[in-house]
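Q: This is the structure I have questions about; it appears just below.
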Amino acid sequence: MTSPTSAPACSFARKEWRSSLDSCDVLVVGAGHAGLAAAKAAAQHGANVILIDDNPAPGGQIARAKHGRIDSNIRKSLDDFLSAGGSIRQGESVVDVPSSNRATTAGAKGKGEISFRNLILATGSRELFLPFPGWTLPGVMGAGGLQALAKGGLDVRKKRIVVAGSGPLLMPVAHFLTAAGALVHGPFEQVSYLTLGSFALKALANGKARDLAGYASVLPHYRPNTWVVEAHGSSKLESVQLSTGQVIDCDYLACSYGLVPNTELARLIGCELVGGFVKVDADQRTSVENVFCVGEPTGIGGHEKGSTEGFVAGMIAAGEESALKGPIQVSKLNKFVDVLAKTFKLRPELLALADPDTIVCRCEDVSYERLKGQPSLRDAKLQTRCGMGPCQGRICGPAMQHLFGWEADTVRPPIIPVPLADLVSQEA
Numbered sequence: 019m020t021s022p023t024s025a026p027a028c029s030f031a032r033k034e035w036r037s038s039l040d041s042c043d044v045l046v047v048g049a050g051h052a053g054l055a056a057a058k059a060a061a062q063h064g065a066n067v068i069l070i071d072d073n074p075a076p077g078g079q080i081a082r083a084k085h086g087r088i089d090s091n092i093r094k095s096l097d098d099f100l101s102a103g104g105s106i107r108q109g110e111s112v113v114d115v116p117s118s119n120r121a122t123t124a125g126a127k128g129k130g131e132i133s134f135r136n137l138i139l140a141t142g143s144r145e146l147f148l149p150f151p152g153w154t155l156p157g158v159m160g161a162g163g164l165q166a167l168a169k170g171g172l173d174v175r176k177k178r179i180v181v182a183g184s185g186p187l188l189m190p191v192a193h194f195l196t197a198a199g200a201l202v203h204g205p206f207e208q209v210s211y212l213t214l215g216s217f218a219l220k221a222l223a224n225g226k227a228r229d230l231a232g233y234a235s236v237l238p239h240y241r242p243n244t245w246v247v248e249a250h251g252s253s254k255l256e257s258v259q260l261s262t263g264q265v266i267d268c269d270y271l272a273c274s275y276g277l278v279p280n281t282e283l284a285r286l287i288g289c290e291l292v293g294g295f296v297k298v299d300a301d302q303r304t305s306v307e308n309v310f311c312v313g314e315p316t317g318i319g320g321h322e323k324g325s326t327e328g329f330v331a332g333m334i335a336a337g338e339e340s341a342l343k344g345p346i347q348v349s350k351l352n353k354f355v356d357v358l359a360k361t362f363k364l365r366p367e368l369l370a371l372a373d374p375d376t377i378v379c380r381c382e383d384v385s386y387e388r389l390k391g392q393p394s395l396r397d398a399k400l401q402t403r404c405g406m407g408p409c410q411g412r413i414c415g416p417a418m419q420h421l422f423g424w425e426a427d428t429v430r431p432p433i434i435p436v437p438l439a440d441l442v443s444q445e446a
């Protein structure tokens with residue numbers, strides 16, 4: 019492993035919320051593949067570990083099984099973690115880190131505080147949406163979002179579903195929905211045949227043959243160089259029009275254009291970002307002392323990359339750097355991050371789909387026409403309240419970045435909406 023890089027000490031000036039206090043050696047935020055790998059490694063090497071996640075079950079979105087059941091591999095990792103003395107807190111979120119060794123949490127049981135020596139961020143990612151006419155109709159959903167609903171109990175049998183957008187998420191979603199009994203059209207992918215062919219060769223070179231083989235049933239229906247230009251319907255989705263001119267009657271559109279890293283917590287703490295991702299060294303250390311980051315916030319690259327990074331961070335956070343048997347090679351995995359980014363780069367046509375009346379910020383009903391004349395995100399917020407609704411810009415923020423080049427300028431606690439009671443001090 020490389021030697022730890024020097025990092026500036028945390029500088030926090032915010033008032034801490036008062037609540038009950040738990041403590042641990044290592045606090046891991048996020049219980050997907052990366053977070054579980056980090057928590058398991060740290061706990062098995064003697065650290066007192068608390069793993070916290072806002073979902074009701076661990077594993078992240080893709081590994082989530084039907085009706086809340088846990089994937090067998092995730093279950094094994096969780097059992098190993100718990101057997102080593104680790105503690106998991108589901109349905110709870112870290113909403114602030116007011117000092118260099120303390121986190122504020124919120125969940126169904128109210129607010130709480132956790133003190134820690136080392137913090138590992140494994141906050142995952144979310145889907146990227148780009149606005150087009152009709153995208154706010156009921157029935158238009160994110161590809162991963164519809165999959166999550168189906169896993170949670172939504173009956174999609176005999177439902178006509180169009181899967182479209184960009185990125186490797188489309189194939190597993192189409193595969194799952196087909197297996198669940200849906201009548202799937204697509205996937206429709208915006209990149210070209212030539213680009214996809216080159217990607218397939220690179221994926222095979224990076225050991226992804228098994229992944230590709232698993233979606234063999236979807237491949238005959240895969241349509242590159244095609245994208246949705248408009249969704250039609252009165253009170254709900256009725257059909258979509260493709261760039262080829264084809265119109266498909268459907269009940270649902272599962273559409274997304276890749277993944278956006280969840281970096282709000284890292285930005286709040288003060289971690290340095292490069293190209294929209296958290297900058298880390300070979301030990302997964304960020305620019306902030308005693309803060310590590312693993313998985314998709316450091317680069318969109320899949321669960322293998324996240325698990326490897328999590329293992330490294332967990333070992334070092336537990337003080338067991340010497341136990342790592344030689345350097346852990348993540349360079350090949352990081353190269354695949356670049357392959358994914360270059361392959362599924364969005365074409366310019368997708369940024370020109372919105373008409374003047376197309377809603378961009380759904381929470382505050384802000385149209386493209388009202389935004390396009392604004393000089394900056396700050397001005398747009400002041401004039402239109404875009405990004406200031408319940409989602410706090412998580413949906414429209416990345417869309418506006420792609421449409422107008424606006425970067426998010428601030429992150430303020432709490433980083434997700436919480437009940438007002440959780441903001442009120444018990445001693446007030």
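First residue of the sequence shown? That's 19 in my numbering, and the numbers climb one at a time after it.
Beta carbons: idealized from backbone N, C-alpha and C, even for Gly.
Ordered along the chain, which non-local residues of its own chain (more than five positions away) have a Cβ less than 7 Å from that of D440?
A: A124, G128 and K129
Q: Are the CB atoms of P416 and D114 within a distance shorter than 8 Å?
A: Between D114 and P416, the CB-CB gap reaches or exceeds 8 Å.
Q: Per the contact definition of three or more C-beta pairs closer than 8 Å, is the segment 49 to 66 in contact with the segment 325 to 337?
A: Put simply, the segment 325 to 337 touches the segment 49 to 66. At least three CB pairs are less than 8 Å apart.
Q: Mapping DSSP to helix, strand and coil, what is S37?
A: Summary for S37: the model assigns pLDDT 48, below 50, so the residue's position carries little reliability, and this model does not support an answer.
Q: Do L351 and G313 come within 8 Å of each other at the CB atom, strictly closer than that value?
A: no
Q: For my contact list, S274 and G183 are in at a C-beta cut-off of 8 Å; report their separation, rounded to the angstrom.
A: That pair is a contact at about 5 Å.
Q: Look at the alpha carbon of V298 and the alpha carbon of S305, and state the distance between them as a whole number of angstroms.
A: 7 Å
Q: Using three-state DSSP, classify C268 as helix, strand or coil.
A: coil
Q: E425 and R403 - do their beta-carbons sit closer together than 8 Å?
A: No, Cβ-Cβ distance for R403 and E425 is not below 8 Å.
Q: How many Å lie between P435 and C409 at the Cα?
A: CA-to-CA, the gap between P435 and C409 works out to about 8 Å.
Q: Three-state secondary structure (DSSP) at D440?
A: Shown here, D440 sits in a helix according to DSSP, grouped into three states.
Q: Work out the CA separation of G405 and V429 for me, nearest whole Å.
A: 12 Å
Q: How far does the beta strand (DSSP E) with D98 in it reach, from first residue to last?
A: Note, D98: premise wrong, no beta strand (DSSP E); alpha helix (DSSP H) at S90 to S101.
Q: In the structure shown, what three-state DSSP assignment does A198 receive?
A: coil
Q: Would you identify the three-state DSSP class for G50, choosing helix, strand or coil?
A: coil
Q: Spatial neighbours of G16 within its chain, please: CB distance less than 7 Å, with the 5 preceding and 5 following residues excluded, ordered by chain position.
A: Since the first residue of the chain shown is 19 and the last is 446, residue 16 is not available in this structure.
Q: On the DSSP bridge assignment, give the partners of C379 in chain order.
A: V384
Q: If I'm right that S385 touches D375 with Cβ under 8 Å, what's the distance once you round it to whole angstroms?
A: 6 Å
Q: For the segment 139 to 207, which segments carrying the alpha helix (DSSP H) assignment without a break, of at least 4 residues, lie completely within its bounds, in sequence order?
A: 161 to 169 and 188 to 197
Q: Measure the Cβ-Cβ separation of D269 and I334 and say whether it is below 8 Å.
A: Taking 8 Å as the cut-off, the Cβ atoms of D269 and I334 do not count as close.
Q: Taking only the alpha-carbon atoms, compute the straight-line gap between S261 and H420 and give it to the nearest angstrom.
A: 20 Å
Q: Evaluate P437 with the Cβ neighbour count: other Cβ atoms within 10 Å of its Cβ, from every protein chain shown; 16 or more gives buried, anything less gives exposed.
A: With fewer than 16 other Cβ atoms within 10 Å, it is exposed.
Q: In the structure shown, what three-state DSSP assignment does L255 receive?
A: L255 falls in the coil class under three-state DSSP.
Q: Provide the residue span of the beta strand (DSSP E) that contains R120, from first to last.
A: R120 to G125
Q: Taking the beta carbon of L137 as the centre, do at least 16 other beta carbons fall within 10 Å, making it buried, or is it exposed?
A: buried
Q: Alpha carbon to alpha carbon, how far is S117 from H321?
A: 31 Å
Q: Count the other C-beta atoms from every protein chain shown that fall within 10 angstroms of the C-beta of A126, then say buried if there are 16 or more, exposed otherwise.
A: exposed
Q: Let's test the definition: count the other Cβ atoms within 10 Å of the Cβ of K323 and tell me whether it reaches 16, buried, or not, exposed.
A: A residue is called buried once 16 or more other Cβ atoms fall within 10 Å of its Cβ, and K323 is buried on that count.
Q: Is there contact here, the segment 236 to 250 with the segment 281 to 297, by at least three beta-carbon pairs under 8 Å?
A: no
Q: Kindly indicate the opening and closing residues of the beta strand (DSSP E) around R403.
A: Element bounds for R403: n/a, residue is neither H nor E.
Q: Relative to the C-alpha of D40, which candidate in A49, P76 and N119 has its C-alpha closest?
A: N119
Q: Whose C-alpha, out of G294, A336 and G293, is nearest the C-alpha of V309?
A: A336
Q: Just the Cα atoms here: how many angstroms apart are L395 and D427?
A: 8 Å
Q: Give me the Cα-Cα distance between G77 and G391, rounded to the nearest whole angstrom.
A: 42 Å
Q: Please state if the CB of G204 and the CB of H239 are separated by a distance shorter than 8 Å.
A: yes
Q: For R32, which three-state DSSP category applies?
A: The predicted model places R32 with a pLDDT of 40, which falls under 50 and marks its position as unreliable; any figure quoted below should be read in that light. Correct three-state label for R32: coil.
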